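Here's the structure we're looking at; comments come further down.
There are 2 protein chains.
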Amino acid sequence: MSQFENVTVVKKANVYFDGKVTSRTVLFADGTKKTLGIMMPGEYEFGTDQKEIMEILGGELKVLLPGESEWQKFNGTGEFVIPAKASFKLEVLTVTDYCCSYISE
Amino acid sequence: MSQFENVTVVKKANVYFDGKVTSRTVLFADGTKKTLGIMMPGEYEFGTDQKEIMEILGGELKVLLPGESEWQKFNGTGEFVIPAKASFKLEVLTVTDYCCSYISE
C-alpha cells in the first residue's frame, strides 16, 4: 500500500547519528507501530528491542545481519528482518527511504 | 499538539537537494495537508505554490523571506509564513526538524 490511513503520526522526528538517520513514528489503531525514515550515506550499527521488518522503499545499501558473515546488497526496493535483541550493521551508499515495522512476539 | 490523529500518511518520502531535505506528507480529514521534514545543514532556495506556514520543531537556521533584505534567525523552535507563489532562502546550520502547513486561500 502506498499510504497508511487512519493512523496517528508523532510530530517530532526521531534523530540518530547527528541527523544522518531520521524517522517519524506512525501508530496504528491495532496498537502496532512503524517508522518511516531516511538514511543518508554512511555506516551505522543499530540494536533492536523488538523484531523489526525493514522495507527499503528506495536506495542502495548493504546490510550485515546478526550472526551473518556475508553482507546483503539492496539497490532499489527490498526487505530484511532483524530478530529482537540483536544488532545489525548498515552501509548506506545512497540516500535511503525506508519503512520499519516493529513486531511483538 | 505533539501528534496528529486520524490522518493518512504517504509512505514514500519527498526528497529534495540529494536527500539533504526530505519530508513525509500527512493528509487530514478536512482535506488539508502538512509535511513533516528534516533539513540537513546547507543552503537552499524553495518556491511555494500555496501559502506555507513553516513551524520549526528544532534546529538552528536563517531564513530570507521574499521581499526582505534581513535574514531571520531561529534557534530551537519558531515559525514563519511564506506567501503563495513566492521563493525564499534558507541557511540551515544544524539538523532541522520542521512541520510545514499548506494553506489554500
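If you read the sequences in order, they're chains V and S. Just so we're aligned, residue 1 is where the first sequence starts under the numbering used here, counting upward by one. Just so we're aligned, residue 1001 is where the second sequence starts under the numbering used here, counting upward by one. Virtual Cβ for every residue (Gly too), placed ideally from N, Cα, C. Because the structure is a prediction, the values reported are computed rather than measured.
Would residue i be called buried (16 or more neighbouring beta carbons within 10 Å of its own) or exposed?
i	result
K73 of chain V	exposed
E105 of chain V	exposed
K85 of chain V	exposed
T30 of chain V	Inspection of the sequence shows that residue 30 of chain V is occupied by Asp rather than by Thr. Answer is exposed; the Cβ neighbour count stays below 16.
Y1043 of chain S	The sequence shown places Glu at residue 1043 of chain S, rather than the Tyr named in the question. Exposed, since its Cβ has fewer than 16 Cβ neighbours within 10 Å.
G1067 of chain S	exposed
G76 of chain V	exposed
E52 of chain V	buried
T1032 of chain S	exposed
For my contact list, residue i and residue j are in at a C-beta cut-off of 8 Å; report their separation, rounded to the angstrom.
i	j	result
T1022 of chain S	G1037 of chain S	6 Å
L27 of chain V	L61 of chain V	26 Å between Cβ atoms; not a contact.
L1057 of chain S	K89 of chain V	Not a contact, Cβ separation roughly 30 Å.
G50 of chain V	Y102 of chain V	The displayed chain sequence assigns Gln, not Gly, to residue 50 of chain V. Q50 of chain V to Y102 of chain V, Cβ: 5 Å. Contact.
C1100 of chain S	M1054 of chain S	5 Å
G59 of chain V	T96 of chain V	3 Å
Closer than 7 Å between beta carbons: that is the criterion. Which residues of the stretch 3–29 of chain V meet it against chain S? Those residues of the stretch 3–29 of chain V that come within reach of chain S (Cβ to Cβ, closer than 7 Å) are Q3, F4, E5, N6, V7, T8, V9, V10, K11, K12, A13, V15, D18, G19, T22, R24, V26.
Do three or more CB pairs link the stretch 1004–1014 of chain S to the stretch 1–20 of chain V at distances below 8 Å? Three or more beta-carbon pairs separated by less than 8 Å link the stretch 1004–1014 of chain S to the stretch 1–20 of chain V, which places the two stretches in contact.
Which residues, in order along the stretch 88–103 of chain V, keep a beta-carbon less than 7 Å from a beta-carbon of chain S? Taking 7 Å as the cut-off between beta carbons, the residues of the stretch 88–103 of chain V near chain S are V95, D97, C99, in sequence order.
Members of the stretch 1044–1065 of chain S near chain V, C-beta cut-off 7 Å: For the stretch 1044–1065 of chain S, the beta-carbon criterion of a distance under 7 Å to any beta-carbon of chain V is satisfied by L1057.
Runs of 3 residues minimum, wholly inside the stretch 10–45 of chain V: which ones carry the beta strand (DSSP E) assignment? Listed in chain order, the complete beta strand (DSSP E) runs (minimum 3 residues) inside the stretch 10–45 of chain V are 14–16, 21–27, 33–39.
Is the number of C-beta pairs between the stretch 1013–1021 of chain S and the stretch 1074–1081 of chain S that are closer than 8 Å three or more? Contact fails between the stretch 1013–1021 of chain S and the stretch 1074–1081 of chain S, because fewer than three Cβ pairs, one in each stretch, are under 8 Å apart.
Give the list of continuous beta strand (DSSP E) stretches no shorter than 3 residues that lie fully inside the stretch 52–90 of chain V. Here the runs fully enclosed are 60–64, 72–75, 78–82.
Please name the residues in the stretch 63–82 of chain V whose beta-carbon is closer than 8 Å to at least one beta-carbon of chain S, in chain order. Interface annotation for the stretch 63–82 of chain V against chain S: empty, criterion Cβ-Cβ distance under 8 Å.
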